[in-house]
Amino acid sequence: METNRIKKLQENMKNNRDIPFLLTDLSNIFYLTGFTGSSGFLIVFPDRPPVFLCDGRYTTQAKKEFITSTGIVEFNTDVYKRIADILTSSGIQTVYFETSLSYQSYLNLKEKNLELVPVPNWLEEMRMIKSPRELELIERALHLSEKAWEAVSPMIRPGIKEKDFALELDYQMIKAGGDSIAFSTIVASGERSALPHAQPTDERMEAGSWLVVDWGVRYQKYCGDITRTVPVGCVEDLWFEETIQLLKEAQQMAQEFIRDGVRAADVERTVRNFLNQHKIEQYFTHSLGHGIGIQVHESPRLSNNSEVILRENMVVTVEPGVYIPGKGGIRLENIVVVEKESCRILNRLPVIL
0 METNRIKKLQ ENMKNNRDIP FLLTDLSNIF YLTGFTGSSG FLIVFPDRPP VFLCDGRYTT
60 QAKKEFITST GIVEFNTDVY KRIADILTSS GIQTVYFETS LSYQSYLNLK EKNLELVPVP
120 NWLEEMRMIK SPRELELIER ALHLSEKAWE AVSPMIRPGI KEKDFALELD YQMIKAGGDS
180 IAFSTIVASG ERSALPHAQP TDERMEAGSW LVVDWGVRYQ KYCGDITRTV PVGCVEDLWF
240 EETIQLLKEA QQMAQEFIRD GVRAADVERT VRNFLNQHKI EQYFTHSLGH GIGIQVHESP
300 RLSNNSEVIL RENMVVTVEP GVYIPGKGGI RLENIVVVEK ESCRILNRLP VIL
């Protein structure tokens, strides 16, 4: 964990309104401090060490995990009053807040006569560029995900329930060394594969159909994310055979295009133009990819409306997919690291299995 992130954030604050920043998003708090607990509030001041507020359950943990000099304040009753007291004791009435702040928390702070200002995208921009250590953890999370797949893939056969397969895959991800699953595992067979975020059911795999599986490990707070579409037995379906090859080609096209200085929107447009030439673009119902790190979905997005220019050491998924109701869907997903002249594919597992 790097120790200069708070300093970088403070530099941004000093160059703007020079007011404190109240953080409640635990992923941002972890990014800045190393704290892994499930509750807490962090006040970052422009010109002095931060203050962390937590209840008694987390005091010892915070003291142990914090990587930066931080004052730790324990509260027992109204945390919002405690926050206001800390600020007003220094003559401060105005504070930045995250856009993820709940409306109820916003009201609670307003009741304490604090002026709340939406924060610019400082942390979002900082988190998009991964450090060498972050790249290692993401790659490790992905490879543990792939290791779990190797253990569970022999289960793919007619008669196996989606739920049973998903449960075994979740178990194998932890057994492989993951700390937890990064998100709810998606397993969809037959016509249900046309649902991009289908949850596993008691539906049984059928011979001649195919299976879309989207899974990932969380390892030391960083996420893996991978999708593969695999046959159940022998698939004699021309649409499936042609479409999975087209999606593989589209994915390769995107990966060859990704490099430092390229617009994220242009990457998706390239794929959409290719799929449109083959009359299947209308079935591509989501963006091409997303950033990944502490959260499974974070900036930047590979989408038409993205304004981000890709930079070295950004990490994104590349996941073209098509979904036809009544027929089925196919998705292929890799994770890549943006480099100066190309991108580096982190996956070891073949795209088509």
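Anchor point for the sequence shown: position 15 equals 14 in numbering that gives the first Met the number 0, and the numbering is continuous, going up by one each time.
All C-beta atoms, glycine included, are put in the ideal place defined by N, C-alpha and C.
On a predicted model such as this, the values are computed, not experimentally measured, just so you know.
By the 10 Å Cβ neighbour count, where 16 or more other Cβ atoms means buried, how is Cys-233 classified, buried or exposed?
-> Stepping through the sequence shown from its first residue, residue 233 is reached at position 234. By the neighbour-count rule (16 or more Cβ atoms within 10 Å), Cys-233 is not buried but exposed.
Taking C-beta to C-beta, are Pro-299 and Met-127 nearer than 7 Å?
-> As a working mapping, residue 299 is identified with position 300 in the sequence shown. As a working mapping, residue 127 is identified with position 128 in the sequence shown. Contact flag set, yes.
Within the region 138-193, note down every full beta strand (DSSP E) run reaching 3 residues or more, in order along the chain.
-> 185-188
Which residues in the same chain have their Cβ closer than 6 Å to the Cβ of Gln-294, if we skip the five residues on either side of it in sequence?
-> Translated into the one-based positions of the sequence shown, residue 294 becomes position 295. Answer for Gln-294: Ser-26, listed in chain order.
Is the region 254-265 touching the region 345-352, taking contact as three or more C-beta pairs under 8 Å?
-> no
Taking Glu-97 as the reference, which of Leu-21, Asp-77, Ser-89 has the closest Cα?
-> For the purposes of this step, residue 97 is taken as residue 98 along the sequence shown, with counting starting at 1. With distances taken between Cα atoms, Glu-97 lies closest to Leu-21.
Does DSSP classify Ile-243 as helix, strand or coil?
-> Within the sequence shown, residue 243 is the residue found at index 244, counting from 1. Of the three classes helix, strand and coil, the one that applies to Ile-243 here is helix, per DSSP.
Thr-184: buried (16+ other C-beta within 10 angstroms of its C-beta) or exposed?
-> Residue numbering aside, residue 184 sits at position 185 when the sequence shown is read from its first letter. Burial call: buried.
Quick one, are the C-beta atoms of Val-314 and Val-350 less than 7 Å apart?
-> On the sequence shown, residue 314 is found 315 positions in, with the first residue counted as 1. On the sequence shown, residue 350 is found 351 positions in, with the first residue counted as 1. No, they are not a contact pair.
Along the chain, which unbroken stretches of the alpha helix (DSSP H) at least 4 residues long are found entirely within the region 274-312?
-> none
Length of the line joining the Cα atoms of Thr-284 and Asn-112 | The residue you call residue 284 lines up with position 285 of the sequence shown. The residue you call residue 112 lines up with position 113 of the sequence shown. Distance between the alpha carbons of Thr-284 and Asn-112 is about 45 Å.
Nearest-angstrom Cα separation, counted from Lys-247 out to Glu-241 | Along the sequence shown, one-based indexing puts residue 241 at 242. Along the sequence shown, one-based indexing puts residue 247 at 248. In a straight line, the C-alpha of Glu-241 is about 10 Å away from that of Lys-247.
Short check: CB of Pro-19 to CB of Val-78, under 7 Å?
-> Position 20 of the sequence shown, counting from 1, holds the residue named residue 19. Position 79 of the sequence shown, counting from 1, holds the residue named residue 78. No, the Cβ-Cβ distance between Pro-19 and Val-78 is not below 7 Å.
In terms of residues, what are the limits of the alpha helix (DSSP H) holding Val-350?
-> Working through the sequence shown from its first residue, we reach residue 350 at position 351. No alpha helix (DSSP H) holds Val-350; DSSP gives it neither H nor E.
Could you say which of Ser-305, Phe-44, Lys-220, Val-270 lies nearest to Val-317 if we only look at CA atoms?
-> Along the sequence shown, read from residue 1 onward, the residue named residue 317 stands at position 318. Comparing Cα-Cα distances from Val-317 to each of Ser-305, Phe-44, Lys-220, Val-270, the minimum goes to Val-270.
Among residues of its own chain, excluding the 5 on either side of Met-172, which ones have a beta-carbon nearer than 6 Å to its beta-carbon?
-> The residue given as residue 172 occupies position 173 in the sequence shown. So the qualifying residues of the chain are Ala-147, Ile-180, Val-216.
DSSP state of Asp-236 mapped onto helix, strand, coil = Within the sequence shown, residue 236 is the residue found at index 237, counting from 1. Looking at Asp-236 - three-state DSSP - the assignment turns out to be coil, as it is neither helix nor strand.
Through-space distance from Glu-161 to Arg-227, alpha-carbon basis = For the purposes of this step, residue 227 is identified with residue 228 of the sequence shown, where counting begins at 1. For the purposes of this step, residue 161 is identified with residue 162 of the sequence shown, where counting begins at 1. Their backbone Cα atoms lie some 15 Å apart in a straight line.
Jot down the residue ranges of each uninterrupted alpha helix (DSSP H) in the region 20-60, minimum 4 residues, whole runs only, in chain order.
-> 25-32
Decide yes or no for the touch test of the region 11-18 against the region 42-51: beta carbon pairs closer than 8 Å, at least 3 of them.
-> yes
6 Å CB neighbourhood of Lys-339 in its chain, flanking five on each side removed = Counting from 1 along the sequence shown, the entry for residue 339 is found at position 340. Here the set comprises Asp-259, Glu-311.
Please confirm whether Leu-143 and Tyr-218 have their CB atoms less than 7 Å apart.
-> By one-based count along the sequence shown, residue 143 stands at place 144. By one-based count along the sequence shown, residue 218 stands at place 219. Closer than 7 Å, so yes.
Candidates Leu-168, Leu-31, His-196, Cys-53: which alpha carbon is nearest Ser-37's?
-> Taking the first residue of the sequence shown as 1, we reach residue 37 at position 38. Selected option, being the one with the closest Cα: Cys-53.
Give me whichever residues DSSP pairs with Phe-96 in a beta bridge.
-> Here residue 96 is taken as the residue at index 97 of the sequence shown, counted from 1. Leu-21, Pro-117.
Integer Cβ distance of Leu-141 from Ile-329, believed to fall under 8 Å = Looking up residue 141 in the sequence shown gives position 142. Looking up residue 329 in the sequence shown gives position 330. Wrong, their Cβ atoms sit about 21 Å apart, outside the cutoff.
Helix or strand or just coil, what does DSSP make of Ile-128?
-> Indexing the sequence shown from 1 puts residue 128 at position 129. Looking at Ile-128 - three-state DSSP - the assignment turns out to be coil, as it is neither helix nor strand.
Whose CA, out of Pro-157, Gly-189, Ala-253, Val-151, lies closest to the CA of Lys-174?
-> Start at 1 with the first residue of the sequence shown, and residue 174 comes out as number 175. Considering only alpha carbons, the answer is Val-151.
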